[in-house]
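Chains as they are written, first to last, in the numbering used here: chain E, 1 to 351; chain W, 1 to 351.
Remarks on the structure that follows.
There are 2 protein chains.
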Amino acid sequence: VDEFETPALIVDAARMRANIDAMAAVARESGVALRPHAKTHKMPEVGALQLAAGAAGLTVAKLGEAEVFADAGCEDLVIAYPLVGESKLARLAALARRARVSVAVDSLEVAEAISAAGAEVGVRIEVDSGQHRAGVAPGDVAELARAIAALPGLRLEGVLTHEGHAYATDDLAAATHAVAELMARAGADTGVRDPVVSLGSTPTARLAAREPGVTEIRPGTYVFHDRTQVAHGAARPEDCAATVLATVVSRPAPDRAVVDAGTKALSSDRLNAPGAPADFGALTSGWPVVRASEEHGVVAVPPGGELRVGERVRIVPNHVCPVVNLFDEAVVVEDGAVVATWRVAARGLSR
Amino acid sequence: VDEFETPALIVDAARMRANIDAMAAVARESGVALRPHAKTHKMPEVGALQLAAGAAGLTVAKLGEAEVFADAGCEDLVIAYPLVGESKLARLAALARRARVSVAVDSLEVAEAISAAGAEVGVRIEVDSGQHRAGVAPGDVAELARAIAALPGLRLEGVLTHEGHAYATDDLAAATHAVAELMARAGADTGVRDPVVSLGSTPTARLAAREPGVTEIRPGTYVFHDRTQVAHGAARPEDCAATVLATVVSRPAPDRAVVDAGTKALSSDRLNAPGAPADFGALTSGWPVVRASEEHGVVAVPPGGELRVGERVRIVPNHVCPVVNLFDEAVVVEDGAVVATWRVAARGLSR
């Protein structure tokens, strides 16, 4: 690892495999399908490990990501995003001819356009279970389901939600239970026999898998975990499998070190947990990156703390997904040695 | 522009040229050198326009950026960052054989390593003028200058600072004057005859150019401007030359629209101005993106506001530099027509 210039994205292969296996066991033991969200890692090699461990398929956010994973051999993809625009629908139709594809839909006009474009795809109605981002209100599912069922080319599968609002709660179990109940009813409202009822987030995944009516979980971050997941009790610090390797480049004051990982390596995402401090990540020693500009991270060094110019540190990200998106490749480490570099093949593919 | 899939980075060529010309005039009329920070645009085509308008050379943050601009023919580069590590110094030495290169240094050990690596480069002592990021204390300049002057290969040129703390002030003029005075003294402390005294930030640039003792300005953001610059009075809304083109993908409630530009297109950077609202950018209509996840931007739609699914909008970024870093290419528009696509050639090059 010492040969790699910094900043670099480091993946601890053993930790990653343990995370993959643990979530696969959760799904297996609860009898639900696991469809990991690949937007966290964006790497075909990681997706292949998830599928080999028993995942039913992969979730992606965007068509460009779906194309990358289909190219890599993944044959079952859910695009958890409303696809809008002629050229996107032409690409969707082409993709659906070479892989099993389902898409999230939260309006009739989007469903009609997909049908009109000749795409033969599965459809999952996206439900707003409390995050208030996209998604139809639960009470509107039945009507939208009836309309979609009449559209040629579309096979209605059930419902899907991202319960992102759970990150703001202190009681994950209660929040997950409420979402699961709401979604099970929404699934029944589709009129589909044995509907897919799919929930998606890492902190709720273990709880959601055991809720009656839930048939699928779509956690993403679990593959690497991060400080936000640790803050929610969804991971231990030693589960964090992706870190940013950085070099101390300046030591201007005893209480301050500057590392060469700023927001271009760590992103500007803060910890997504109630009452969390507003930092940009933390060294494995626990010392936080208290300020960051694009190429500078300012580490708060405690009294007596040692950190020399030239020393290398590992930074645990607050939110690993946008961090991966900032790197072109990941350096994969096993037993202290570099065993591979993987291209972040779906980086930047927001189209 | 309608043919480009979203999200896309759009550059208004006429506005950009006007911004380039305006800052060139500021420097020319004040008799200071203009050395634009290329980290904002990361595009050789834009750097070439800045040089053609009279820039003395370019500033970059990282060696990888310097290599891209040298490849593109820029022969005078300042790397405003302490370079640390054997492989970086080998690259620096190679770069210095094909371009005039100066580097920022804020410790003797970094200077000694550069000298030992055989790099023949200019050196500017980075001074902490109040931001408290990297940089030596003003009182330590004289001693460091004497030590650097004795190192083979290094030609001491003067001093450099990034007065980023000016973004936190309500009185830019007073803050700029204080930095300029401090830096002029620091320049004299180097013992260099006619030292470079270089200040760098867009909101202070026009003021700094007129301060006695200042010999160079290094603004970056001015080339495109953004909402932060407008908040500081350094630009008018109609000066903002880079926007994110996005599509409305969901309209789940009358007061809420979802666009396909989230933090992967807008970054998570908030407005960097005192008392500014915590949003993620704003449509050209003024409607703010009040929440964002990686692929979703949630727009607050005022009562009666119309925004249909499929409609395209332009979003003005809070901080344009990290936004450019998220795109592989920029779509250049002139008189409503696409005239070029430029590769963001130095994107992601934090090494």
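No residue lacks a Cβ here, since even glycine has one placed at the ideal position from N, Cα and C.
Taking residue i as the query, report the chain E residues whose CB atoms sit under 8 Å from its CB, ordered along the chain.
{"i": "A134/W", "result": "V249, S250, P252, V258, H296"}
{"i": "C321/W", "result": "E294"}
{"i": "D71/W", "result": "In chain order: nothing, as chain E lies at least about 18 Å away."}
Which residues of chain W have a Cβ atom closer than 7 Å to the Cβ of residue i, listed in chain order?
{"i": "N325/E", "result": "K264"}
{"i": "S115/E", "result": "Correct list: empty, because the minimum Cβ distance to chain W is about 15 Å."}
Using a cut-off of 9 Å between C-beta atoms, extract the partners of residue i located in chain E.
{"i": "P152/W", "result": "Within 9 Å Cβ-Cβ: nothing; P152/W doesn't reach chain E, min ~21 Å."}
{"i": "Y222/W", "result": "The premise fails here: Y222/W is roughly 16 Å from chain E at the closest Cβ pair, so nothing lies under 9 Å."}
{"i": "Y81/W", "result": "V249, D260, E295, H296"}
{"i": "P7/W", "result": "S350, R351"}
{"i": "P288/W", "result": "Ordered by position in chain E, no residue passes the 9 Å Cβ test against P288/W, which lies about 15 Å from the chain."}
{"i": "S267/W", "result": "T263, S267, S268, P322"}
Counting only the same chain and skipping the five closest in sequence on each side, list residues whose C-beta sits under 6 Å from that of residue i.
{"i": "H162/W", "result": "G200"}
{"i": "I356/W", "result": "Outside the displayed span of chain W (1 to 351) sits residue 356/W, for which this structure offers no information."}
{"i": "E311/W", "result": "V248"}
{"i": "G122/W", "result": "S102, R155, E157"}
{"i": "A205/W", "result": "I217, P219"}
{"i": "Q50/W", "result": "I20, P36"}
{"i": "E294/W", "result": "G262, T263, K264"}
{"i": "S250/E", "result": "V258"}
Nearest to residue i by alpha carbon, out of the options?
{"i": "D106/W", "options": "G122/E, D260/E, P252/E, N325/E", "result": "P252/E"}
{"i": "N318/W", "options": "A231/W, P152/W, E75/W", "result": "A231/W"}
{"i": "I125/E", "options": "I79/E, P152/E, D170/E", "result": "I79/E"}
{"i": "T190/W", "options": "N272/W, L160/W, A345/W", "result": "L160/W"}
{"i": "K39/W", "options": "V46/W, V214/W, A61/W, L83/W", "result": "A61/W"}
{"i": "L326/E", "options": "S350/E, E306/E, V338/E, A340/E", "result": "S350/E"}
{"i": "E181/W", "options": "Y167/W, D171/W, P212/W, V1/W", "result": "P212/W"}
{"i": "P288/W", "options": "V299/W, L108/W, D239/W", "result": "V299/W"}
{"i": "E109/E", "options": "A147/E, D76/E, A72/E", "result": "A147/E"}
{"i": "R100/W", "options": "F4/W, E120/W, V32/W, V84/W", "result": "E120/W"}
{"i": "Y167/W", "options": "Q131/W, A184/W, G297/W", "result": "Q131/W"}
{"i": "G297/W", "options": "E5/W, T59/W, D260/W", "result": "D260/W"}
{"i": "V32/E", "options": "V127/E, S198/E, A66/E, V320/E", "result": "S198/E"}
{"i": "K42/E", "options": "T228/E, A72/E, R28/E", "result": "A72/E"}
{"i": "V127/W", "options": "T169/W, E75/W, A184/W", "result": "A184/W"}
{"i": "A134/E", "options": "Y81/E, V179/E, G153/E", "result": "Y81/E"}
At a CB-CB cut-off below 8 Å, which residues of chain W make contact with residue i?
{"i": "C240/E", "result": "The contacting residues do not exist; C240/E stays about 19 Å from chain W at best."}
{"i": "D128/E", "result": "P252"}
Name the chain E residues that come within less than 7 Å of residue i, Cβ to Cβ?
{"i": "V84/W", "result": "T247, V249, V309, G310"}
{"i": "S87/W", "result": "E5"}
{"i": "D328/W", "result": "G348"}
Please work out which residues of its chain come closer than 7 Å, Cβ to Cβ, to residue i, disregarding the five sequence neighbours upstream and downstream, and give them in chain order.
{"i": "A234/W", "result": "T202, P203"}
{"i": "A53/E", "result": "I20, D21, A24"}
{"i": "D12/E", "result": "A241, V333"}
{"i": "A278/E", "result": "R270"}
{"i": "A150/W", "result": "none"}
{"i": "D239/E", "result": "R15, N19, H225"}
{"i": "A70/E", "result": "L77, L95, R98, A99"}
Mind pulling the chain W residues with CB within less than 9 Å of residue i?
{"i": "K42/E", "result": "Per Cβ cutoff of 9 Å: no residues; K42/E is ~11 Å from chain W at best."}
Closer than 8 Å by C-beta to residue i: which residues in its own chain qualify, once you throw out the five before and the five after it? Chain order, please.
{"i": "A145/W", "result": "I125, L156, D189, T190, G191, V192"}
{"i": "R17/E", "result": "L49"}
{"i": "V301/E", "result": "P254, D255, R256, A257, W287, L307"}
{"i": "V84/W", "result": "V110, A113"}
{"i": "A345/W", "result": "K42, M43, P44, V68, A72"}
Beta carbon of residue i: closer than 8 Å to some heavy atom of the ligand ADP?
{"i": "P254/W", "result": "Absent from the structure shown: the ligand ADP. Ligands present: none."}
Open item on the list: What are the residues in the segment 101-113 of chain E lying within 9 Å of chain W by C-beta distance?
Closed with: D106, S107, E109, V110, A113
- [ ] Give the residues from the segment 48-62 of chain W that approach chain E closer than 7 Å (Cβ to any Cβ), ordered along the chain.
- [x] A61, K62
- [ ] Identify each residue in the segment 189-207 of chain E for which the Cβ-Cβ distance to at least one residue of chain W is less than 7 Å, and report them in chain order.
- [x] none
- [ ] Please confirm if the segment 139-151 of chain E is in contact with the segment 170-180 of chain E, defined as three or more CB-CB distances below 8 Å between the two stretches.
- [x] no
TODO: Flag this pair as touching only if the segment 187-194 of chain W and the segment 20-37 of chain W have three or more C-beta atom pairs under 8 Å; answer yes or no.
DONE: no
Open item on the list: By the 9 Å beta-carbon criterion, what residues does the segment 152-180 of chain W contribute toward chain E?
Closed with: Going along the segment 152-180 of chain W in chain order, one finds H162, G164 with a Cβ nearer than 9 Å to chain E.
Task: contact_flag[the segment 281-288 of chain W, the segment 333-342 of chain W] where n(CB pairs < 8 Å) is 3 or more - done: no
- [ ] Answer yes if the segment 80-92 of chain E comes into contact with the segment 266-277 of chain W, meaning at least three C-beta pairs across the two stretches below 8 Å, and no otherwise.
- [x] no
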